[in-house]
Every structure is written in C-alpha cells, then in structure tokens.
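Some notes on the structure that comes next.
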Amino acid sequence: MRYSRAFIPTLKEVPKDATMPSHVLMLRAGYARMVGAGIYELLPLGTRVLHKIERIIREEMDAAGAQELLMPVFLPSEYFKETRRWELYGPTLLRIKDRKGGEYHLAPTHEEIITDVVRREVKSYRQLPLNLYQIQSKYRDEPRPRAGLLRCREFIMKDAYSFDVSEEAALESYAHMHDTYHRIFERLGLEYRVVEADSGAIGGKQSAEFQVLAQTGEDWIVACGACDYAANVEVAQAGRAEPPAISSAEPAALEKVETPETRSIDEVVSFFGGETTTAHTLKSLLYVAGEEVVLAIVRGDHEINEIGLARHLRVDEVLLASDAAVKEATGTEIGFIGPVGFEGRIIADPDAVAVPNAIAGASETPYHYKNVNYGRDFEAEVVSIRQATSGDPCPNCDGKLELYRGIEGGHIFVLGTHYSDKMKATFLDEEGHSHPIVMGCYGIGVTRLIAAIMEQHHDEQGIRWPVQVAPYQVIITPIGKDEEPLIKATEIYDALKVEGVEVLLDDRSERPGVKFKDADLLGIPLRITVGARGLKQGIVELKKRTESESQDVPVDGAVAAVRAALAELGG
RNA sequence: CGGGGCGUAGCGCAGCUUGGUAGCGCGCACGGUUCGGGACCGUGAGGUCGGAGGUUCAAAUCCUCUCGCCCCGACCA
C-alpha cells in the first residue's frame, strides 16, 4: 500500500475523551473512531488487525475440529423467552420492536440460537460430538461502556459451542478448547494467565478465564509465583493470614466506647489513634441472601468475597442490605453493626475470628466494642469469605500469591445440560434412549483483544505490534527531496510485495521527522529507511520497532534482510 | 442508577465571572523557502458556540429544560 493513498488519519494531539493507552493509540494512530459511547468503527488499519486476529483464531479453531457458521444478530424474542433469559438478562439486553410490534433483540450471546439449530438437526449420538463457532458482532447495553474497545456495547466475539453425549465427553471437549486457547493467546503475543473464575449466571460446572495481564484491566486476579495456580479474586481461595500480633493477646474485658462519626473502618482506626490498626478491627456487613438476612464478618483490612459468601449460602447472589433493612434487622445504623448480640446467622472469616481483642460495632449508634473475642463474645459459622490478595499463601503449594489486573480475553465453560434441558435438545443413544446433549461454550473477545494487545505492546512513541497481528509487516520510508530514494524504495517495495510481504510505502512528500513519527505511532514492526546518504554507500537501514538502533544492509540485500528479520520476529 | 467533569472550526483549547466584532495552536488549501525525528514565511477556506425555550435593545456568556461524551462509584459499613 502506498501511504499517500492510504486512509490513515493520524492525530498529533491526544483526543480528550481517551485516557487509557490503547484508547489513545487507536485514535491517534488512525485505527478506529468513536461513533457513540461504546460504539466504534474500525478504520482500514484496525480492520487489518482484526482480520489478523480472526485468522489466527480460525486456524486454531479449525485445526481443533471446530466448524465455523454464522448466526443472525437480530433475533425474535422467543428463544430467550424459552430459557427465561428474556427476563433474566435485564436491561443489558438490547430490545427492539418491529413495525408490527413484534419483540426482538440484538444478540448478546448465542447459546439459545445454536442450541435451536442443533436440536432441530441433531438426533443421534452418531452426529456427536460437534463444535460450532462463529465470529460475530454482539450487543450488550452495558451500564457503563468504557476504555475504548475494552468495554463496548457493540463488539466482535468469537463464540464456540460444543455438543457431546456425556459429561465426560464434554470435559474432553473443554480440555481440547483449553489447549486451543493456549495456542491462540500464545500466537497473539499476549502475556496472560488462565484463572479459575466464577461461571456466573450461566450455571456452568467448570470454567476458566484467559486473563491478559495489564495494569489497566478491569479484573483482579491472583497468581502463585511458584506454581500455576491462578484465580480471579472473585473465586480465589484465600489463604490464612497471621492474626495481628499485639502485646497482650490475653482476652481483655469487653468495653463499650462512644465513637461518634466512625462509619468506616478507617474512621474507626483513626478514632482509636495509635491503639489499633485496620487488622485489629472487624468489618461487619449485613447481606440479604434470598429470604434470609445474614451478617458477614471479615477482618478490617480484608475485602469480602461476595461470590464466595453466596456459594456458602447456596444462593445465586447476595446483596448488601439497604439502610432501611439494616435498621430493621439490627436496630442500628450502617457503620455500627457488629456481631456481639446479633440475633441471626453470622458467617465469619477465619482470619476475622483469629483477631484477639478486636474492635467491632456495638449494634448501637454511635458505639463500638473494644476487646471483642470470638467464642466468648459471639459465635459464627467460620468459613473463608474474604478475597485473596497479594502475599497470601498459595492454596496449592508453598508459594505466595501475587495480585494482578487482567483483561478478560477469553472465557470457557462447561455448560452441562443447562440449555439443552430447557430447550429439549436431545439425542438418542445406541439403545434408543433419549438424553439431553451436554454442552460447553467458549468465547473470545476479538475486538477487545485488539485493545488488549495495544495495552501490552506500546511505548511513548506509539504501538509496537507483534508481527503476527500487525496491519503491515514493513514500512518503507524514503527520505529527502531527491528522486533516488523514492525510486529505490519503490523497487524494494515491489520486490517485497512479490514475496508476499505486507508493505506500506511512505511515498508522501513529508519531512523525515513526520514519517518517522507516524511509522512509530502506527507500530509497524519493521522499518526500512532509504536515504540519499545511505544510497551513496549502497545501503539502506533496517530497524525493528522495538529496538532503538537500526542496521545497515546493502540495497540488494534488503529483501533478504527483511525476510530474515521477519523470521526472527516470528512472522 | 449516584457523584464529578466537559460540550466553542477536523483535533487540542481560550473567551463565559462583569452580555455588545468568535479567537489561538495544530491540521487543511494555495504560493515560496526548507528537507535524517512532528520545519518556516505569506495568503486563505472552515464555526446554527451540543439542542430547545426564556430574560434582554442585544446571549457563546444570564435562567430553565434537554441531549451527548468522559471519569469515579454502584452499596466493602
């Protein structure tokens, strides 16, 4: 492609609405533009990157025996009504009415539709297993789209669905996809972790998230430094922390203290001044879990894991009680609740009950108790309900957990018969008995990965694409006002094209600085600089985007040098 | 949904407090000089000041409503 003809609108200045590196870069480097909140158009460069990523995904999915198909995004409501997701999905589902008043929606995901195809066409165990996938736009009316392509209302996703005759077979399919995902993320040049995750409302039995590590990610994950244990903090096993060491570990007498204006742990700690630390306090949280109201206790410096709590209570979710509910259940205000004297179910974290002489709310405004001791002053079900955090011992080995932020790039689930039961997708076995098909589903956020790769591969100057996903592999930059550099550059350009290399020839009549800045901003992995100076000595310069020094290569050897460099970069 | 911020030329911003000619930088077009890390000089095009209503002789500026975008939070007591 000749740059002079290419549609690459770069920006010198940072658009004011962008804060995150990938968001700034995709706008500045001319990869994408915003159309509305969480709605973007991909410009030619962005589209090329998208296609590169899709190609890698297709190659690996096809190699794994999956078959691509394409399903509609615009769907009649009947499918989602069949599984009750029409109600359950809530406002995130983008609903549409047609001219006759018929109810439709834009697909946020396709389990129902694929299950429908399969139940209509698959009748026998002989037709299984099956793995079908598509790469398609999805729509979710996110409460808060953000960060450019990282959280959009319209986005492209690869979703695959596996269909098996049994749980064991489904687990095999799942394991196969697990391997396939490793290959895909590897090939995309991403640093990532596979983590245990919550399978959410979909009701999965087993699931794993492929988390791309990035400081700008939305998710918190912990990973062991010594073994391969890694988990989303939502589900991570929290290790035991040391109870706070204090001078007098002997239980002291319970003491009620007036503590005005101490609604948060921090306020409580500063009220007591040097006497205490957050680790000596108990955080008491009142939750509504189904019909029940429960009091959850974690140590003051810990965070509660609501998903863990919900699991222990065997409910789908727990909700923090409202001000009014707190008043009704405890007779006091938020900020002064405590376990002492609480009449009802109490769930306490092991680290919380291990705190001697703790400070906790007195269930009376505005008082706290000093010297609260588990066993003497309150009883509870002791269950690990806090979030894992940095420094916690690994549940699998002697290592320590570290905290990372991640971008959820992929998520794979064993669904079981959740959808096939509801939608009566069954098959007949050898004996003619009918069984529900056992399903799995496997997603990759394709457009999100464009941003995720940028988050991991950039510097102050711009993007630094891994070759496999770069929109062009090489950019040729002829320099100076003479004709000679452009002529030579064009020769090299033609020769590379013949070789099948994807090249951008910067034939614009811009000054060198402009061309260099743009080349760096776009992030093309290799740059060939053709200048009058070098040509006098019969050389051109070859430079990797990730390196600061270029190497001189003979003009005749440019093509070979590019080929070698590409091979080195893994292209 | 709650809180905060912002909407003025393609992009980044000033002007608004104290109403009276819409301005600067970048970019864009033309001419000239320049040419190895976002050059310089000159000329020029480009704006219903997010939208609607109101106050006023007069509104980018004051008032009311509304739409959009960004950030933080969505109950961690």
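So the first sequence is residues -17 to 553, counted in my numbering.
In this text, a Cβ means the ideal position worked out from N, Cα and C, and glycines have one as well.
Computed from a predicted model, the values in this text were never measured in an experiment.
Enclosing alpha helix (DSSP H) for residue i [first to last residue]
i	result
Thr570	In this structure the chain extends from -17 to 553, so residue 570 is not present and cannot be described.
Thr97	93 to 103
Thr162	149 to 169
Ser532	From DSSP, Ser532 is part of no alpha helix (DSSP H) but of the beta strand (DSSP E) over 532 to 536.
Gly290	288 to 295
Lys518	514 to 518
Ala48	Note, Ala48: premise wrong, no alpha helix (DSSP H); not H, not E.
Glu555	With the chain represented from -17 up to 553, any question about residue 555 goes unanswered, as that position is not in the structure.
Glu249	247 to 254
Val496	494 to 504
Between the CA atoms of residue j and residue i - distance to the nearest angstrom
i	j	result
Glu473	Pro460	11 Å
Val335	Lys526	57 Å
Ile95	Tyr401	10 Å
Gly392	Ala190	8 Å
His5	Phe137	15 Å
Ile184	Asn339	With a pLDDT of 49 at Ile184, under the threshold of 50, the modelled position of this residue cannot be trusted, and the question is left open.
Glu550	Leu508	11 Å
Pro73	Asp123	7 Å
Glu274	Asp331	19 Å
Ala142	Arg493	48 Å
His164	Val194	12 Å
Gly199	Glu384	15 Å
Leu468	Ile435	33 Å
Leu302	Ala292	12 Å
Glu243	Ser252	11 Å
Ala157	Ala179	16 Å
Ala213	Thr371	11 Å
Ile329	Glu(-5)	53 Å
Asp538	His440	32 Å
Met139	Thr29	14 Å
Thr408	Val104	8 Å
Thr314	Glu232	30 Å
His160	Ile394	8 Å
Leu9	Leu112	40 Å
Cβ distance (whole Å) where residue i is taken to contact residue j below 8 Å
i	j	result
Ala444	Gly505	The question names Ala, but residue 444 in the sequence shown is Gly. Contact flag correct, Cβ pair sits at about 5 Å.
Leu431	Met(-17)	Rounded, the Cβ-Cβ distance is 24 Å, inconsistent with contact.
Gln369	Val176	Contact flag wrong, Cβ pair sits at about 19 Å.
Ile316	Asp305	6 Å
Pro3	Glu465	No, Pro3 and Glu465 are not in contact; Cβ-Cβ is about 39 Å, not under 8 Å.
Gly326	Val276	7 Å
Gly207	Cys134	Actually they do not touch by this definition, with Cβ atoms about 34 Å apart.
Val300	Glu288	5 Å
Ser106	Leu410	6 Å
Lys34	Val451	4 Å
Leu267	Thr312	Contact doesn't hold; Cβ gap of about 12 Å is too wide.
Val250	Thr259	Going by Cβ atoms, the distance from Val250 to Thr259 rounds to 11 Å, so no, they are not a contact pair.
Paired residues, beta bridge with residue i - DSSP
i	result
Thr263	Ile341
Asp441	Gly444
Phe62	Paired residue(s): none; Phe62 is not in a bridge.
Met16	Tyr22
Gly381	Paired residues: none, contrary to the question.
Gln455	Partner(s): none; Gln455 has no beta bridge.
Cys423	Tyr143, Phe395
Val364	Ala330
Where the beta strand (DSSP E) containing residue i begins and where it ends
i	result
Pro58	56 to 58
Lys525	521 to 526
Glu136	136 to 146
His415	Taken as a continuous stretch (DSSP letters only), His415 belongs to no beta strand (DSSP E), as it is neither H nor E.
Ser189	188 to 195
Met8	Note, Met8: premise wrong, no beta strand (DSSP E); alpha helix (DSSP H) at 3 to 10.
Glu124	Per DSSP, Glu124 belongs to no beta strand (DSSP E) and is neither H nor E.
Phe237	Before going on, a small fix: residue 237 reads as Glu here, not Phe. Looking at the DSSP string, the run of the beta strand (DSSP E) that includes Glu237 is 237 to 240.
Ala212	212 to 214
Ala201	Sequence inspection shows Asp at residue 201; the Ala mentioned does not correspond to that position. Taken as a continuous stretch (DSSP letters only), the beta strand (DSSP E) holding Asp201 covers 201 to 206.
Ala407	It is not in any beta strand (DSSP E) - Ala407 carries neither H nor E in the DSSP assignment.
Ala542	Ala542 -> not in any beta strand (DSSP E); alpha helix (DSSP H) instead, spanning 540 to 551.
Proximity test, residue i beta-carbon vs the ligand ADP heavy atom, cut-off 6 Å
i	result
Ala370	Judged by which ligands are present, the structure shown has none, so any question about the ligand ADP falls away.
Next on the checklist: If contact is defined by three or more beta carbon pairs under 8 Å, each pair taking one atom from either stretch, is the segment 311 to 322 in contact with the segment 355 to 365?
Outcome noted: They touch, by the three-pair rule.
Checklist entry - Does the pairing of the segment 144 to 155 with the segment 415 to 428 give three or more beta-carbon distances under 8 Å? => result Short answer: they touch.
Next on the checklist: Measuring CB atoms only, is the segment 81 to 89 touching the segment 50 to 68, in the sense that at least three cross pairs come out at less than 8 Å?
Outcome noted: Yes, they touch.
Next on the checklist: For the pair the segment 40 to 52 and the segment 114 to 121, tell me if three or more CB-CB distances fall below 8 Å.
Outcome noted: Cβ pair count under 8 Å is three or more, so yes.
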